[in-house]
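*Asks:*
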Amino acid sequence: MMNLLEIKDLHTYFEGNGAIVKAVDGADLSIREREVVGLVGESGSGKTTIANSLLRILPETGRIVSGGIIFKGINIRELSEKEMQFKIRGNEISMIFQDPMVSLNPLFTVGEQITSVLKLHQDIGQKEAKTKAIDLFRKVRISDPEKRFDNYPHELSGGMIQRVTIAMAMSCEPSLIIADEPTTALDVTIANQILNEFEELIGEIGVSVLWITHDLGVIKRICDYVNVMYAGTLMEQGTVKTVFENPLHSYTFGLLRSNVIYYEPKGKIPTIMGELSEIPHQGCKFYPRCPIGDEGCLQESIELRKIDENHSIRCIKPEDAKRLSRSKNHGFQGVC
Ligand SMILES: Nc1ncnc2c1ncn2[C@@H]1O[C@H](COP(=O)(O)OP(=O)(O)OP(=O)(O)O)[C@@H](O)[C@H]1O
Ligand code: SF4
Ligand SMILES: [Mg+2]
Numbered sequence: 002m003m004n005l006l007e008i009k010d011l012h013t014y015f016e017g018n019g020a021i022v023k024a025v026d027g028a029d030l031s032i033r034e035r036e037v038v039g040l041v042g043e044s045g046s047g048k049t050t051i052a053n054s055l056l057r058i059l060p061e062t063g064r065i066v067s068g069g070i071i072f073k074g075i076n077i078r079e080l081s082e083k084e085m086q087f088k089i090r091g092n093e094i095s096m097i098f099q100d101p102m103v104s105l106n107p108l109f110t111v112g113e114q115i116t117s118v119l120k121l122h123q124d125i126g127q128k129e130a131k132t133k134a135i136d137l138f139r140k141v142r143i144s145d146p147e148k149r150f151d152n153y154p155h156e157l158s159g160g161m162i163q164r165v166t167i168a169m170a171m172s173c174e175p176s177l178i179i180a181d182e183p184t185t186a187l188d189v190t191i192a193n194q195i196l197n198e199f200e201e202l203i204g205e206i207g208v209s210v211l212w213i214t215h216d217l218g219v220i221k222r223i224c225d226y227v228n229v230m231y232a233g234t235l236m237e238q239g240t241v242k243t244v245f246e247n248p249l250h251s252y253t254f255g256l257l258r259s260n261v262i263y264y265e266p267k268g269k270i271p272t273i274m275g276e277l278s279e280i281p282h283q284g285c286k287f288y289p290r291c292p293i294g295d296e297g298c299l300q301e302s303i304e305l306r307k308i309d310e311n312h313s314i315r316c317i318k319p320e321d322a323k324r325l326s327r328s329k330n331h332g333f334q335g336v337c
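For what it's worth, our numbering labels the leading residue of the sequence shown as 2, then goes sequentially.
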């Protein structure tokens, strides 16, 4: 399979009040055609900043400092704003946000909004656009789609409105959909239904997906490949099966252990102690929270390296991490 997207050594920083936040600090990630790729990491690790860099929709204080973003062989960083607007955003790449109102206008009916996208991208008239829109609404399981077509966003429930934004994201037949925590704000039952439907749809239309989440359960369910992000860099990447069954980075292992789906707590749920904000200037960024780190981990800059074809890690002690993942005394502290 060919790489649809390749992000190479990306650095995106925010600047303000004399301080620099290195939100993305050397990230590498690729997505192949028709692949569903997960990006997981705790809050503040830089997931959304990667997505916003790739679409070049960073807030004013943010800027891509270095690195490559190659989409279908084109360096996104070299495109003009006009090319981004007409060729890439909402055309080749569309995005679904946690808050659906980011992509919807409260002053227009959902029908008006989706037909304007369809007319713009597919060069069709109003009648055909309406037929296509209703068909898309049906595909994303919007009940009574003809009626919903004339609703304003505020007249629809949270689940229904997220379905509308999924339909909008699919309307331009993109090559890549970026979904940034689209189900996190919904209640569990609705989130599950939407996940099932989304999974079916992407299989049907054959689009690539970058699914951003902090929920490993969602990754396991819908993704082929996973990227584990910490403090602006990727710590582990591989097929979901490989990484979940054989994590070789202690951060990944900590995430898995602190998730009740994979660990049956006997009174206590282990957690990764410490905070994301404690980042050493040199060496491994995870060192302050790593149960197996030693001074050697602070001596050199640690590269992401391939362990095998489908597995890469940024750690100099994978054997110790492996032992850790097999030991009962895993070093992650318990909280009641
Ligand atoms: N507009 C901004 N100005 C300054 N710093 C920012 C801005 N947006 C994000 N950051 C900082 O960049 C870092 C990465 O943020 P980002 O939103 O990409 O993380 P995230 O992984 O998406 O987190 P979450 O899971 O909470 O959505 C954080 O330290 C955050 O505080
Ligand atoms: S390099 Fe060292 S500190 Fe970093 S994850 Fe590996 S063992 Fe832990
Ligand atoms: Mg985010």
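All C-beta atoms, glycine included, are put in the ideal place defined by N, C-alpha and C.
Along the chain, where does the beta strand (DSSP E) containing M96 start, and where does it finish?
*Replies:* Within the sequence shown, numbered from 1, the residue matching residue 96 stands at position 95. Run containing M96: I94 to I97, per the beta strand (DSSP E) assignment.
*Asks:* With distance defined between alpha-carbon atoms, name the residue in V37, R64, E304 and G91 nearest to I21.
*Replies:* Translated into the one-based positions of the sequence shown, residue 21 becomes position 20. Taking only the C-alpha atoms, the option nearest I21 is R64.
*Asks:* According to the neighbour-count rule (16 or more other Cβ atoms, all chains shown, within 10 Å of its Cβ), is L108 buried or exposed?
*Replies:* Within the sequence shown, numbered from 1, the residue matching residue 108 stands at position 107. With fewer than 16 other Cβ atoms within 10 Å, it is exposed.
*Asks:* Does at least one heavy atom of ligand 1 sit under 6 Å from the Cβ of S54?
*Replies:* By 1-based counting over the sequence shown, the position of residue 54 is 53. No.
*Asks:* Within the region 24-89, note down every full beta strand (DSSP E) run reaching 3 residues or more, in order along the chain.
*Replies:* DSSP runs (the beta strand (DSSP E)) wholly in the region 24-89: 37-41 and 63-72.
*Asks:* DSSP three-state call for A186: helix, strand or coil?
*Replies:* Translated into positions along the sequence shown, residue 186 becomes position 185. Of the three classes helix, strand and coil, the one that applies to A186 here is coil, per DSSP.
*Asks:* Once the 5 residues before and after I206 are set aside, which same chain residues still bring their CB inside 8 Å of it?
*Replies:* Position 205 of the sequence shown, counting from 1, holds the residue named residue 206. Answer for I206: M171 and E174, listed in chain order.
*Asks:* Have a look at S313, I213, W212 and I223 and flag the residue whose alpha-carbon is nearest the alpha-carbon of M236.
*Replies:* By 1-based counting over the sequence shown, the position of residue 236 is 235. When each option's Cα is compared against that of M236, the closest is S313.
*Asks:* Taking only three categories from DSSP, how would you classify H250?
*Replies:* Position 249 of the sequence shown, counted from the start, is the residue given in the question as residue 250. Note: H250 maps to coil in three-state DSSP.
*Asks:* With a threshold of 6 Å, establish whether the CB of T49 neighbours any heavy atom of ligand 3.
*Replies:* For the purposes of this step, residue 49 is identified with residue 48 of the sequence shown, where counting begins at 1. Checking the Cβ of T49 against ligand 3 gives yes.
*Asks:* So, are the CB atoms of R280 and A232 less than 7 Å apart?
*Replies:* By one-based count along the sequence shown, residue 280 stands at place 279. By one-based count along the sequence shown, residue 232 stands at place 231. The question names Arg, but residue 280 in the sequence shown is Ile. In contact: I280 and A232 (Cβ atoms closer than 7 Å).
*Asks:* I think V229 touches L211, with their Cβ atoms under 8 Å apart; what is that distance to the nearest whole Å?
*Replies:* Position 228 of the sequence shown, counted from the first residue, corresponds to residue 229. Position 210 of the sequence shown, counted from the first residue, corresponds to residue 211. V229 to L211, Cβ: 14 Å. No contact.
*Asks:* Let me check you understand the geometry: is the CB of Y288 closer than 6 Å to at least one non-hydrogen atom of ligand 2?
*Replies:* The sequence position of residue 288 within the sequence shown is 287, counting from 1. Correct: Y288 has its Cβ closer than 6 Å to ligand 2.
*Asks:* When you compare the CB positions of I70 and I32, do they come within less than 7 Å of one another, or not?
*Replies:* Walking along the sequence shown from the start, residue 70 turns up at place 69. Walking along the sequence shown from the start, residue 32 turns up at place 31. It is not a contact, given that the beta carbons lie outside the stated cut-off.
*Asks:* For I135, which residues does DSSP report across the bridge?
*Replies:* Residue 135 sits at position 134 when you count from the first residue of the sequence shown. Beta-bridge pairing links I135 to no other residue.
*Asks:* Would you mind sorting P248 into buried or exposed? The rule is 16 or more other CB atoms within 10 Å of its CB.
*Replies:* Counting from 1 along the sequence shown, the entry for residue 248 is found at position 247. P248 comes out buried.
*Asks:* Give the secondary structure of R149 by DSSP, where H, G and I count as helix, E and B as strand, and everything else as coil.
*Replies:* Taking the sequence shown and counting its residues from 1, one reaches residue 149 at position 148. Three-state result, R149: helix.
*Asks:* Give every residue of the same chain whose Cβ lies closer than 8 Å to the Cβ of V244, excluding the five residues on either side of it in the sequence, and list them in chain order.
*Replies:* As a first step, residue 244 is located in the sequence shown; it is residue number 243 there, counting from the start. Once the five neighbours on either side are set aside, the close Cβ partners of V244 are V227, V229, E237, Q238, T253 and H312.
*Asks:* Does DSSP put V336 in a helix, in a strand, or in coil?
*Replies:* Along the sequence shown, read from residue 1 onward, the residue named residue 336 stands at position 335. With a pLDDT of 37 at V336, under the threshold of 50, the modelled position of this residue cannot be trusted, and the question is left open.
*Asks:* Just the C-alpha distance for C337 and G45, rounded to the nearest angstrom, thanks.
*Replies:* In the sequence shown, counting from the first residue as 1, residue 337 sits at position 336. In the sequence shown, counting from the first residue as 1, residue 45 sits at position 44. Here C337 scores only 27 on pLDDT, less than 50, and its place in the model is too uncertain to base an answer on.
*Asks:* Would you tell me roughly how many angstroms separate the C-alpha atoms of M169 and N92, rounded to the nearest one?
*Replies:* One-based indexing of the sequence shown puts residue 169 at position 168. One-based indexing of the sequence shown puts residue 92 at position 91. Going by the C-alpha atoms only, they are around 11 Å apart.
*Asks:* Can you tell me whether V103 is buried or exposed? The criterion is at least 16 other CB atoms within 10 Å of its CB, across all chains shown.
*Replies:* Position 102 of the sequence shown holds residue 103. Label assigned to V103: exposed.
*Asks:* Roughly how far, in whole angstroms, is the beta-carbon of S54 from the beta-carbon of T13, given that I think they are within contact range, below 8 Å?
*Replies:* Mapped onto the sequence shown, residue 54 falls at position 53. Mapped onto the sequence shown, residue 13 falls at position 12. 5 Å between Cβ atoms; contact.
*Asks:* Which residues does DSSP list as the beta-bridge partners of P235?
*Replies:* Working through the sequence shown from its first residue, we reach residue 235 at position 234. Sequence check: residue 235 is Leu here, not Pro. Note: L235 sits in a beta bridge opposite M230.
*Asks:* Can you find the residues in the same chain that come closer than 7 Å, C-beta to C-beta, to A130, ignoring five residues on each side of it along the sequence?
*Replies:* As a first step, residue 130 is located in the sequence shown; it is residue number 129 there, counting from the start. Counting only Cβ-Cβ distances below 7 Å, and skipping sequence neighbours, we find T116, L119 and K120.
*Asks:* Can you list, in chain order, the residues of its chain whose CB lies under 7 Å from that of E34, leaving out five sequence neighbours each side?
*Replies:* Sequence index remark: in the sequence shown, residue 34 carries index 33 (1-based). The answer, listed in chain order, is M2, M3, L5 and S209.
*Asks:* Given 6 Å as the limit, tell me if G42 has its C-beta closer than that to any heavy atom belonging to ligand 2.
*Replies:* By one-based count along the sequence shown, residue 42 stands at place 41. Not so, every heavy atom of ligand 2 lies at least 6 Å from the Cβ.
*Asks:* Let me make sure I understand the geometry here. Which of G19, V25 and E16 has the alpha-carbon closest to that of D10?
*Replies:* Position 9 of the sequence shown, counted from the start, is the residue given in the question as residue 10. Of the candidates G19, V25 and E16, the one whose C-alpha sits nearest the C-alpha of D10 is V25.
*Asks:* Since D216 and M96 should fall inside the 8 Å C-beta cutoff, what is the C-beta to C-beta distance between them, to a whole number of angstroms?
*Replies:* Indexing the sequence shown from 1 puts residue 216 at position 215. Indexing the sequence shown from 1 puts residue 96 at position 95. Actually they do not touch by this definition, with Cβ atoms about 18 Å apart.
*Asks:* Please determine whether the Cβ atom of K318 lies at a distance below 6 Å from any heavy atom of ligand 2.
*Replies:* Here residue 318 corresponds to residue number 317 of the sequence shown, with the count starting at 1. Yes.
*Asks:* If you follow the alpha helix (DSSP H) that G17 is in, where does it begin and where does it stop?
*Replies:* Translated into positions along the sequence shown, residue 17 becomes position 16. Element bounds for G17: not the alpha helix (DSSP H) but the beta strand (DSSP E), N4 to G17.
*Asks:* When you compare only the Cα positions, how much space is there between E43 and S326?
*Replies:* The residue you call residue 43 lines up with position 42 of the sequence shown. The residue you call residue 326 lines up with position 325 of the sequence shown. Rounded to whole angstroms, E43 to S326 spans 20 Å at the Cα level.
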